[in-house]
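For reference, the structure is listed below as structure tokens.
There are 2 protein chains.
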Amino acid sequence: MLMTPGPTEIPKKVRKAMGRKIQNPDIEEEFIDFYLMLEDKLKKVYGTRKDMLILGGEGILGLEASVASMIEKGDKVLCISNGIFGDGFADFVKMYGGEPHILSAPYDEVLDMEGIEKAVENDDFKMATMIHCETPTGVLNKLDEILELLKSRNIITVVDAVSSLGGVPVPTKDMDICIGGSQKCFSSPPGLTTVSVSEDAWSVILDGEQRSFYTHLAPWKKMWFEEKYFPYTHLVSNLYALNAALELLIEEGMENVFQRHIDCAESCRSRGQEIGLELYPSEVNLSSPTVTAFKLEGRAKEVQKKMMLENDIVLATGLGDLENDILRIGHMGNNARSEKVEKTMDALQKCI
Amino acid sequence: MLMTPGPTEIPKKVRKAMGRKIQNPDIEEEFIDFYLMLEDKLKKVYGTRKDMLILGGEGILGLEASVASMIEKGDKVLCISNGIFGDGFADFVKMYGGEPHILSAPYDEVLDMEGIEKAVENDDFKMATMIHCETPTGVLNKLDEILELLKSRNIITVVDAVSSLGGVPVPTKDMDICIGGSQKCFSSPPGLTTVSVSEDAWSVILDGEQRSFYTHLAPWKKMWFEEKYFPYTHLVSNLYALNAALELLIEEGMENVFQRHIDCAESCRSRGQEIGLELYPSEVNLSSPTVTAFKLEGRAKEVQKKMMLENDIVLATGLGDLENDILRIGHMGNNARSEKVEKTMDALQKCI
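Residue numbers (the working numbering), protein chains in the order written: chain A, -4 to 347; chain B, -4 to 347.
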């Protein structure tokens, strides 16, 4: 049983859809119709009317493409962070010639609102990047106020919502770019990253010099939105799977889906506390309904191994400095089922 | 029936493999073992012992990554071409700051060997790019002599063999980079591009400044080859499919596979000539056993439509200037079956 915060277990219906005979995406009109309906489903799950792109690659491609498509030499970017992915955005900014200003909070604390206010007053930022759910710690950031402030200053907002979209409400309204990934709460196979793009973002994307292709969003505007053909042979089978996965979410109803995630998170956390485990971060309100991290100082890897060998349940540890200090349970997407969480916690209780 | 030169029809066994339950590629050791075996299978099909990368994206990602990983501002690149993809390499070179020298032959003629000899004598090229099979016209280029010449001058050789690998012997010996795609002769779903990398190529890749991530090969050396983890969540389901597809090829035996392609090409071409169709290029020795193009001046799209509506057979037309002037039949991979070719030609005969 795969209980990691991505990739998540893929429902049978989705795996079956992936295995259907494929169409030629560049020639068959029926495929174009299918793809347009898929965009609509994604918009429903995102809760947005903005343009929707589906790129053929893993989630990190969406993050890099957002930076590569908008950042030119010398552009100042505010990288708001309280985790590994938040910090990581700065590397992309540097790669593409921009100047990142990293505003870091500790990994188990909220984003530094006061610091953001000061930063945007003192400096002229073209873009700000941030993470909705920091998967490596499970921290879910509250972004509404921050986004509103940034948009009032005409700063382009780029949000990684890879591990929250489809599991938690995402405040997309003031997001110029919002990035998702197929293998997290959508419970579809890895290989697609979804990117919503605002009109403000398109202006910037189309204005600059295009210095890459696969990591650039401009070809999608010129080829797909204007001419209805894809920049490259699209990942047909992966798109069939994503479509089936989104259908399952929409059938269930997003409110029900969100509640299911909350319920699973609550039962996971209370079971954990019952067996003496401490949450990371210790303040439970910071954690996302999609992933729970327990402190297991110096023995996360050992417990992970035991869970795998003795119970056939795959969990994740921390990343970076926390690698051996936290154990993570991904109750997102198709993993957010009470019976799966119970089974996992039963096994964990025996293990510890 | 999909008879396009990619994506090709996917065998049931491959589609079934794609639909299996997934593993976590970053945590499960069994997946690492699986992946190592997959690399070996690819090496067998390539006929090489060089390092093998599998990137999570469509074939064009492999082309871009080869340029992005090795070209720095001002580097001179010889782009040897007799087709749209050959010309297209120059766009990537420009994008990454290099100086392309395009050596073009007409789209229905062989590469300009004399021109290449002169060019490498008069100029100092870091890299040369070329296409083995130009899918848009079906021309298969003879590369042995050219590659030998280039290597004798220490020029890095980059070859797009996307629509020949697995259907035609590819002379990989003097190729520093050789790029394949999952959806052509491998008859696996689109979404993976395979890249073999020589020691000479690695030196150049690791020497330069890394100015991109998803389109760069260096992270694969540092993370995968040295540390055995992937730069991003790999496309697990697509890898299962590719593995099953390669198994089918290896079971059949590459010599048999190549002969099957030759037989299908011959029967397709002789049937075409019987019904009065002219080959493009008219010199049959130029055409690849993987794809046949027939001249249908001004009515390729009409015939394509008729084939689709009346016979449910999807064919391709030309690209660019030849869009409405040639009709292409992809008898590659799982499409290279005599019964499929016969059925296609029966229908085409009725259509014309």
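Every residue, glycine too, gets a C-beta built ideally from N, C-alpha and C.
Considering only C-alpha positions, which residue in the set the options is nearest to residue i?
i, options, result
"residue 16 (chain A)", "B:17, B:18, B:2 and B:25", "B:2"
"residue 125 (chain A)", "A:99, A:275 and A:26", "A:99"
"residue 105 (chain B)", "B:346, B:290 and B:276", "B:276"
"residue 53 (chain A)", "B:259, B:330, B:282 and B:231", "B:231"
"residue 290 (chain B)", "B:283, B:269, B:305 and B:313", "B:313"
"residue 114 (chain A)", "A:81, A:91, A:130 and A:150", "A:150"
"residue 337 (chain B)", "B:262, B:91, B:305 and B:320", "B:262"
"residue 215 (chain A)", "A:13, A:12 and A:57", "A:57"
"residue 18 (chain A)", "B:120, B:86 and B:303", "B:303"
"residue 165 (chain A)", "A:41, A:341 and A:297", "A:41"
"residue 306 (chain B)", "B:317, B:347, B:253 and B:259", "B:347"
"residue 321 (chain A)", "A:288, A:339 and A:327", "A:288"
"residue 350 (chain A)", "A:152, A:190, A:90 and A:134", "A query on residue 350 (chain A) cannot be resolved here, the shown segment of chain A reaching from -4 to 347 and no further."
"residue 141 (chain A)", "A:343, A:92 and A:167", "A:167"
"residue 327 (chain B)", "B:243, B:195 and B:182", "B:182"
"residue 62 (chain A)", "A:258, A:92 and A:101", "A:92"
"residue 10 (chain B)", "B:318, B:163, B:177 and B:35", "B:177"
"residue 335 (chain B)", "B:256, B:268 and B:38", "B:256"
"residue 267 (chain A)", "A:343, A:233, A:296 and A:195", "A:343"
"residue 194 (chain B)", "B:218, B:243, B:206 and B:146", "B:146"
"residue 81 (chain A)", "A:69, A:97, A:70 and A:339", "A:97"
"residue 152 (chain A)", "A:229, A:163 and A:72", "A:72"
"residue 271 (chain A)", "A:226, A:310 and A:340", "A:340"
"residue 353 (chain A)", "B:247, B:205, B:309 and B:37", "Lying before the first or after the last residue shown, residue 353 (chain A) is absent from chain A, which here runs from -4 to 347."
"residue 94 (chain B)", "B:119, B:163, B:319 and B:112", "B:119"
"residue 345 (chain B)", "B:133, B:269 and B:331", "B:269"
"residue 244 (chain B)", "B:205, B:331, B:323 and B:123", "B:331"
"residue 123 (chain A)", "A:134, A:323, A:101 and A:85", "A:85"
"residue 34 (chain B)", "B:259, B:258, B:242 and B:249", "B:242"
So, is residue i buried or exposed, given that buried needs 16 or more other C-beta atoms within 10 angstroms?
i, result
"residue 179 (chain B)", "buried"
"residue 265 (chain A)", "exposed"
"residue 224 (chain A)", "exposed"
"residue 251 (chain A)", "exposed"
"residue 220 (chain B)", "exposed"
"residue 299 (chain B)", "buried"
"residue 356 (chain B)", "Since the displayed chain B opens at -4 and closes at 347, residue 356 (chain B) lies outside it and no answer follows."
"residue 279 (chain B)", "exposed"
"residue 155 (chain A)", "buried"
"residue 329 (chain A)", "buried"
"residue 148 (chain B)", "exposed"
"residue 117 (chain A)", "exposed"
"residue 59 (chain B)", "buried"
"residue 32 (chain B)", "exposed"
"residue 315 (chain B)", "exposed"
"residue 103 (chain A)", "buried"
"residue 392 (chain B)", "Shown here, chain B extends from -4 to 347; a query on residue 392 (chain B) therefore has no answer."
"residue 14 (chain A)", "buried"
"residue 175 (chain A)", "buried"
"residue 293 (chain A)", "exposed"
"residue 20 (chain A)", "buried"
Got a sec: does the ligand FMN put a non-hydrogen atom nearer than 7 angstroms to the Cβ of residue i?
i, result
"residue 217 (chain B)", "The ligand FMN is not part of this structure, which contains no ligands at all."
### Short-range partners of chain B found in the stretch 190 to 218 of chain A, where Cβ spacing is below 8 angstroms
205, 206, 207, 208, 209 and 210
### Message
Counting beta carbon pairs with one atom in the stretch -2 to 12 of chain B and one in the stretch 203 to 220 of chain B, are three or more of them shorter than 8 angstroms?
### Response
no
### Task
May I ask you to verify whether the stretch 170 to 188 of chain B touches the stretch 227 to 247 of chain B, counting CB pairs closer than 8 angstroms and requiring at least 3?
yes
#### Entry: Complete beta strand (DSSP E) runs within the stretch 184 to 215 of chain A (minimum length 3 residues, chain order)
187 to 192
### Query
Which residues, in chain order, does the stretch 126 to 150 of chain A contribute to contact with chain B at a C-beta distance below 8 angstroms?
none
### Task
Could you pull out every unbroken alpha helix (DSSP H) segment of at least 4 residues lying fully inside the stretch 229 to 264 of chain A, listed in chain order?
231 to 247
### Query
Which ranges would you report for the beta strand (DSSP E) in the stretch -2 to 81 of chain A if only whole runs of at least 3 residues count?
46 to 51 and 71 to 76
### Task
Evaluate contact between the stretch 282 to 289 of chain A and the stretch 152 to 159 of chain A, counting only Cβ atoms and requiring at least three cross-stretch pairs below 8 angstroms.
yes
### Query
Of all the residues that make up the stretch 162 to 194 of chain B, which are near chain A by a beta-carbon distance shorter than 7 angstroms?
178, 184, 185 and 186
### Cβ contact (3+ pairs, closer than 8 angstroms) linking the stretch 195 to 202 of chain B and the stretch 17 to 36 of chain B
no
### Query
Quick one: any contact between the stretch 64 to 80 of chain A and the stretch 129 to 139 of chain A, if contact means 3 or more CB pairs under 8 angstroms?
yes
### Task
Count the CB pairs spanning the stretch 166 to 177 of chain B and the stretch 39 to 49 of chain B that are closer than 8 angstroms, and state whether there are at least three.
yes
### Query
Along the stretch 21 to 39 of chain A, what residues have a CB closer than 7 angstroms to any CB found in chain B?
22 and 23
### Query
Which residues, in chain order, does the stretch 89 to 100 of chain A contribute to contact with chain B at a C-beta distance below 8 angstroms?
90 and 91
### Query
Any residues in the stretch 293 to 318 of chain A with a beta carbon nearer than 7 angstroms to a beta carbon of chain B? Which ones, in chain order?
309 and 311
### Message
What are the residues in the stretch 228 to 248 of chain A lying within 8 angstroms of chain B by C-beta distance?
### Response
228, 229, 230, 231, 232, 233 and 236
### Message
Give me the subset of the stretch 6 to 18 of chain A whose CB atoms are less than 8 angstroms from a CB atom of chain B, sorted by chain position.
### Response
10, 11, 13, 14, 15, 16, 17 and 18
### Task
Report the residue ranges of all beta strand (DSSP E) runs contained in full by the stretch 82 to 166 of chain B; include only those spanning at least 3 residues, in chain order.
94 to 99, 122 to 126 and 151 to 155
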